[in-house]
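J.: Residue numbers (the working numbering): 5 to 266. Every residue, glycine too, gets a C-beta built ideally from N, C-alpha and C. Mind having a look at this structure? Questions to follow.
Encoded structure:
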């Protein structure tokens, strides 16, 4: 397995810092000796995609080209952002290699605003759908709790599957089993995208947009430990960790999440 640094940001006016996540997360990962299954954490191969964030078009093209090679040469890579805009070129590369992908997104926001030419963190998923990188019937949104009216309309019109925090709270075991059933139904190649703001900001304050009443780390880790067992899981990204916005708590939590995915 390879862990890839993609320090991409495309969000004018937002606090800088997401581009620093990789080094902080890796620093914390080195302090974790084993995961909860008792499997030793052996440092994985790492790679960095060097980006010029002042040229968004160039950055998107570079992420796409590099991701194609990484996906061809590595099994189940983990990509670390950067903000959620990096998931668009990653999905573009992923969908070219893997026909009819299944996308599981953990996020406090649906990221389905009307798409711009170069997608930002707010509409990367809408752009994926409009560019036919993934079918709406092959998307599950988990943990969304703040949506624009335009996004709600798009979700309803396209019958996109959503699982809110209350459903998980009521029966996390059955809910996770249901997600795995859907992902496994046609053996579609699975991509998991994790925006750290899916977690309640009490646990993960180091991110740009706080949405109260989110998932707990235990809930997210339980679900990921189960989803990791999918034989058709092919790639994962973790985005929106901003070390400048807290005392290191969120980077440490992101490292824990990665440890449970290895």
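Does the beta-carbon distance from residue 49 to residue 84 come in below 8 Å?
T.: Here residue 49 corresponds to residue number 45 of the chain shown, with the count starting at 1. Here residue 84 corresponds to residue number 80 of the chain shown, with the count starting at 1. No.
J.: To the nearest angstrom, how far is the alpha carbon of residue 56 from that of residue 175?
T.: The residue you call residue 56 lines up with position 52 of the chain shown. The residue you call residue 175 lines up with position 171 of the chain shown. Straight-line Cα distance between these residues: approximately 44 Å.
J.: How big is the Cα-Cα spacing for residue 206 and residue 216?
T.: Locating residue 206 in the chain shown gives position 202, counting from the first residue. Locating residue 216 in the chain shown gives position 212, counting from the first residue. Spanning the two alpha carbons is a distance of roughly 8 Å.
J.: Measure the CB-CB distance between residue 194 and residue 81 and report whether it falls below 8 Å.
T.: Mapped onto the chain shown, residue 194 falls at position 190. Mapped onto the chain shown, residue 81 falls at position 77. It is not a contact, given that the beta carbons lie outside the stated cut-off.
J.: To the nearest angstrom, report how far apart residue 224 and residue 128 are at their CA atoms.
T.: The residue given as residue 224 occupies position 220 in the chain shown. The residue given as residue 128 occupies position 124 in the chain shown. When rounded, the distance between both Cα atoms is 22 Å.
J.: Look at the alpha carbon of residue 241 and the alpha carbon of residue 53, and state the distance between them as a whole number of angstroms.
T.: Counted from its first residue, the chain shown places residue 241 at position 237. Counted from its first residue, the chain shown places residue 53 at position 49. Distance between the alpha carbons of residue 241 and residue 53: 14 Å.
J.: For residue 195, which of helix, strand or coil comes out of DSSP?
T.: Translated into the one-based positions of the chain shown, residue 195 becomes position 191. Strand.
J.: Taking contact to mean at least 3 C-beta pairs separated by less than 8 Å, is the stretch 250-258 in contact with the stretch 232-239?
T.: no
J.: Is residue 47 buried or exposed, if buried means 16 or more other CB atoms sit within 10 Å of its CB?
T.: Numbered from 1 along the chain shown, position 43 holds the residue referred to as residue 47. Under this definition residue 47 is an exposed residue.
J.: Which of helix, strand or coil does DSSP assign to residue 83?
T.: Reading the chain shown from its first residue, position 79 is the one you call residue 83. Here residue 83 carries a strand assignment [DSSP, helix/strand/coil].
J.: The alpha helix (DSSP H) spanning residue 76 covers which residue range?
T.: One-based indexing of the chain shown puts residue 76 at position 72. Here the alpha helix (DSSP H) through residue 76 covers 60-77.
J.: If you compare alpha carbons, which of 36, 137, 130, 12 is closest to residue 258?
T.: As a first step, residue 258 is located in the chain shown; it is residue number 254 there, counting from the start. Taking only the C-alpha atoms, the option nearest residue 258 is 36.
J.: Look up residue 38 in the DSSP assignment and give the residues it is bridged to.
T.: The residue given as residue 38 occupies position 34 in the chain shown. According to DSSP, residue 38 bridges with 44.
J.: What are the residues that DSSP puts in a beta bridge with residue 166?
T.: Counted from its first residue, the chain shown places residue 166 at position 162. Answer is 145.
J.: From residue 178 to residue 58, what does the alpha carbon distance come to, in whole angstroms?
T.: Locating residue 178 in the chain shown gives position 174, where the first residue counts as 1. Locating residue 58 in the chain shown gives position 54, where the first residue counts as 1. When rounded, the distance between both Cα atoms is 45 Å.
J.: Output needed for residue 131: all residues of its chain with C-beta closer than 6 Å, excluding positions within five of it in sequence on either side, in chain order.
T.: Here the question's residue 131 lines up with position 127 in the chain shown. Closer than 6 Å at Cβ, skipping near neighbours: 92, 119, 123.
J.: Name the DSSP bridge partner or partners of residue 109?
T.: Here residue 109 corresponds to residue number 105 of the chain shown, with the count starting at 1. 145, 197, per the DSSP bridge assignment.
J.: Which whole-angstrom value is the C-beta distance of residue 243 and residue 199, which I expect to be below 8 Å?
T.: Stepping through the chain shown from its first residue, residue 243 is reached at position 239. Stepping through the chain shown from its first residue, residue 199 is reached at position 195. Their Cβ separation, rounded to whole angstroms, is 6 Å, which keeps residue 243 and residue 199 in contact under 8 Å.
J.: Just checking my contact of residue 51 with residue 74 at CB under 8 Å: how many whole Å lie between their CB atoms?
T.: Reading the chain shown from its first residue, position 47 is the one you call residue 51. Reading the chain shown from its first residue, position 70 is the one you call residue 74. Between residue 74 and residue 51 the Cβ distance is about 7 Å, and since that is below 8 Å, they are a contact.
J.: Please report the Cβ distance between residue 201 and residue 111, rounded to the nearest whole angstrom; I am assuming they are in contact, meaning their Cβ atoms lie under 8 Å.
T.: Numbered from 1 along the chain shown, position 197 holds the residue referred to as residue 201. Numbered from 1 along the chain shown, position 107 holds the residue referred to as residue 111. About 7 Å separates the two Cβ atoms, so the contact holds.
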